[in-house]
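For the sequence shown, our numbering assigns the number 1 to the initial residue and increments by one for each residue that follows.
All remarks here apply to the structure that follows.
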Amino acid sequence: MAQLGFIGLGIMGRPMAGHLLAAGHTVNVYDVVSESVKELAGKGAVACSSNRDVASKSDIVIVMVPDTPDVEAALFGKDGVVEGIRSGSIVVDMSSISPIATKEFAKKLAEMGVEMLDAPVSGGQVGAEKAILSIMVGGKQEVFDQIKPYFELMGKNIVLIGDNGAGQTCKVANQIAVAVTIAATAEALTFASKAGADPAKVREALMGGLAGSRIMELLGERMIKRNFQPGFRIRLHQKDLNLALQSARSLHMSIPSTATAQEMFNAVAARDGMDLDHSAMVQALEGLANHTVA
Ligand code: NAD
Numbered sequence: 001m002a003q004l005g006f007i008g009l010g011i012m013g014r015p016m017a018g019h020l021l022a023a024g025h026t027v028n029v030y031d032v033v034s035e036s037v038k039e040l041a042g043k044g045a046v047a048c049s050s051n052r053d054v055a056s057k058s059d060i061v062i063v064m065v066p067d068t069p070d071v072e073a074a075l076f077g078k079d080g081v082v083e084g085i086r087s088g089s090i091v092v093d094m095s096s097i098s099p100i101a102t103k104e105f106a107k108k109l110a111e112m113g114v115e116m117l118d119a120p121v122s123g124g125q126v127g128a129e130k131a132i133l134s135i136m137v138g139g140k141q142e143v144f145d146q147i148k149p150y151f152e153l154m155g156k157n158i159v160l161i162g163d164n165g166a167g168q169t170c171k172v173a174n175q176i177a178v179a180v181t182i183a184a185t186a187e188a189l190t191f192a193s194k195a196g197a198d199p200a201k202v203r204e205a206l207m208g209g210l211a212g213s214r215i216m217e218l219l220g221e222r223m224i225k226r227n228f229q230p231g232f233r234i235r236l237h238q239k240d241l242n243l244a245l246q247s248a249r250s251l252h253m254s255i256p257s258t259a260t261a262q263e264m265f266n267a268v269a270a271r272d273g274m275d276l277d278h279s280a281m282v283q284a285l286e287g288l289a290n291h292t293v294a
């Protein structure tokens, strides 16, 4: 049985590593926050002292950290994965990061005889906890086939999109669609509420029609119940929309709805909201409406 490594035990990584453990695998874990390592060790994981330590014990190293510089640090920084990894091992980066940097990371690892998959996910904390994530993968078919049984322990809709970087490009597209749908949901609920309708009843009615969506279901409920505990932090969604806006610029195209959604995240961030759930985008629209959804 392959020895698994898991780096990054945050909101997503904790439950994902937990599913691998529950399936009976040995999972070597590390996070810069030592409490998270202790928590997973309490569930049977092997606590490691660094990313290098994880890599030296594992055949497959999964990474689930916030941003591009974090992946770079985990892989190539001091006491990083490359200091411990053996030729023939596989790195699976499930974080949402730059497609361009991903291709560079894959190239550097390939020079050491290490294959890489980019495999960002969608489905949020609930998807991670219920093991129903969508997983969008970039890399070689044969490497994908080898890792798929592990993906199946964490997700349901698992698609190989193309070569290295293609999984991350798909994830950026996903984040555009999610942000713009959050904006639409927040705008609709703020409008209905200011017009005097009960937003909970409006959400219930809209869920059965064309405006219904997972975002209306999960994030619409958060907006109404004022539950902005993350979930998916605004700072991470801002990071993803930055990638979208930068890529669109280099592709010579305009993505105006994404730019507006980013401005609304910026407005919430300006009021110390960067670590709120992304459903808190509604607060920007509430400011413009001078009305709170209630
Ligand atoms: P998080 O901030 O809760 O967790 C990230 C963890 O990585 C933290 O525990 C942090 O200490 C650790 N970390 C950072 N740098 C490290 C390093 N160099 N070595 C070891 N550990 C390191 O973030 P999250 O919400 O779990 O998100 C992780 C990734 O998944 C992000 O790229 C995010 O965009 C993506 N994502 C999140 C969600 C969500 O709903 N939270 C959904 C889909 C995708």
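C-beta atoms are modelled at their ideal positions from N, C-alpha and C, and glycine is treated no differently.
Opposing strand residues paired with residue i [DSSP bridges]
| i | result |
| --- | --- |
| Tyr-30 | Ile-7 |
| Glu-157 | The amino acid occupying residue 157 in the given sequence is Asn; Glu does not appear at that position. For Asn-157, which the question treats as bridged, DSSP gives the partners Ser-134. |
| Ser-122 | Ser-134 |
| Arg-233 | Asp-277 |
| Gly-162 | Gly-138 |
| Asp-145 | The partner list for Asp-145 (beta bridge, DSSP) is empty, contrary to what the question assumes. |
| Asp-93 | Val-63, Asp-118 |
Separation of residue j from residue i, as counted between CA atoms
| i | j | result |
| --- | --- | --- |
| Ala-101 | Glu-217 | 34 Å |
| Asp-277 | Met-64 | 18 Å |
| Leu-117 | Asn-174 | 18 Å |
| Ala-267 | Ala-284 | 6 Å |
| Met-207 | Gly-10 | 31 Å |
| Val-139 | Tyr-30 | It is Gly, not Val, that sits at residue 139 in the sequence shown. Each residue's Cα considered, the two are about 25 Å apart. |
| Ala-81 | Ala-74 | According to the sequence as given, residue 81 is Val; it is not Ala. One C-alpha to the other measures close to 6 Å. |
| Gln-3 | Met-94 | 18 Å |
| Gly-119 | Ala-205 | First, the residue type needs correcting, since residue 119 is Ala and not Gly in the sequence shown. Taking the straight line joining both Cα atoms gives about 36 Å. |
| Ile-147 | His-252 | 36 Å |
| Gly-295 | Ala-23 | Nothing in the structure corresponds to residue 295, since the chain is present only between 1 and 294. |
| Thr-190 | Gly-273 | 19 Å |
| Gly-231 | Ala-47 | 25 Å |
| Glu-39 | Arg-235 | 25 Å |
| Val-137 | Leu-153 | 15 Å |
| Ser-134 | Thr-292 | 33 Å |
| His-49 | Lys-78 | According to the sequence as given, residue 49 is Ser; it is not His. One C-alpha to the other measures close to 13 Å. |
| Arg-203 | Phe-6 | 38 Å |
| Lys-130 | His-19 | 9 Å |
| Ile-90 | Gly-42 | 26 Å |
| Ala-188 | Val-92 | 39 Å |
| Lys-107 | Ala-280 | 38 Å |
| Gly-88 | Met-1 | 15 Å |
| Glu-111 | Glu-35 | 35 Å |
| Val-27 | Glu-286 | 45 Å |
| Leu-160 | Ala-166 | 9 Å |
| His-237 | Ala-259 | 12 Å |
| Gly-212 | Ile-62 | 34 Å |
| Ile-60 | Glu-115 | 10 Å |
| Ser-193 | Leu-288 | 14 Å |
| Val-256 | Ala-248 | The question names Val, but residue 256 in the sequence shown is Pro. C-alpha separation (whole angstroms): 10 Å. |
| Arg-14 | Asn-290 | 39 Å |
| Ala-195 | Val-180 | 22 Å |
| Ala-261 | Gly-209 | 24 Å |
| Ala-45 | Val-37 | 8 Å |
Among the options, the one whose alpha carbon lies nearest that of residue i
| i | options | result |
| --- | --- | --- |
| Glu-221 | Ser-89, Thr-185, Met-1 | Thr-185 |
| Ala-55 | Gln-141, Met-223, Arg-86, Gly-124 | Arg-86 |
| Asp-70 | Ala-22, Gly-8, Val-126 | Gly-8 |
| Met-12 | Met-112, Ser-50, Gln-125, Lys-38 | Gln-125 |
| Leu-241 | Val-282, Lys-171, Ser-213, Gly-209 | Lys-171 |
| Gln-168 | Leu-243, Lys-130, Phe-265, Asp-53 | Leu-243 |
| Ser-96 | Val-32, Arg-233, Ala-269 | Arg-233 |
| Ala-294 | Gln-262, His-19, Arg-271, Ala-200 | Ala-200 |
| Thr-68 | Ile-60, Pro-99, Gly-42, Lys-43 | Pro-99 |
| Arg-52 | Arg-271, Ile-60, Glu-83, Glu-72 | Glu-83 |
| Met-16 | Gly-127, Arg-226, Thr-258 | Gly-127 |
| Gln-141 | Val-121, Gly-123, Gly-162 | Gly-162 |
| Ile-182 | Met-112, Leu-160, Leu-219 | Leu-219 |
| Gly-123 | Val-178, Lys-103, Asn-164, Val-114 | Val-178 |
| Leu-109 | Leu-160, Tyr-150, Ile-132, Asn-164 | Asn-164 |
| Asn-227 | Val-32, Asp-198, Val-282, Glu-115 | Val-282 |
| Glu-263 | Phe-144, Ser-250, Leu-245, Arg-249 | Leu-245 |
| His-25 | Val-33, Val-32, Ser-58 | Ser-58 |
| Lys-225 | Thr-258, Asp-198, Val-37 | Asp-198 |
| Gly-113 | Ile-132, Gly-209, Val-143 | Val-143 |
| Ile-176 | Leu-210, Gly-196, Gly-209, Lys-239 | Lys-239 |
| Phe-105 | Ala-248, Glu-72, Ile-158 | Glu-72 |
| Val-121 | Pro-149, Lys-103, Asn-157 | Asn-157 |
| Val-32 | Ala-270, Pro-66, Leu-21 | Pro-66 |
- Item | Segments of 3+ residues assigned as beta strand (DSSP E) that fall wholly inside the stretch 29-79 | 60-63
- What alpha helix (DSSP H) runs, 4 residues minimum, are completely inside the stretch 191-220? 199-207
- Task: Could you pull out every unbroken alpha helix (DSSP H) segment of at least 4 residues lying fully inside the stretch 261-291, listed in chain order?
- Result: 282-289
- Query: What is the chain-ordered set of residues for which the beta carbon lies under 6 Å from any non-hydrogen atom of the ligand NAD?
  - Reply: Ile-7, Gly-8, Leu-9, Gly-10, Ile-11, Met-12, Gly-13, Tyr-30, Asp-31, Val-32, Val-33, Ser-36, Asn-51, Met-64, Val-65, Pro-66, Asp-70, Ala-73, Ala-74, Ser-95, Ser-96, Val-121, Ser-122, Gly-124, Gln-125, Gly-231, Phe-232, Leu-236
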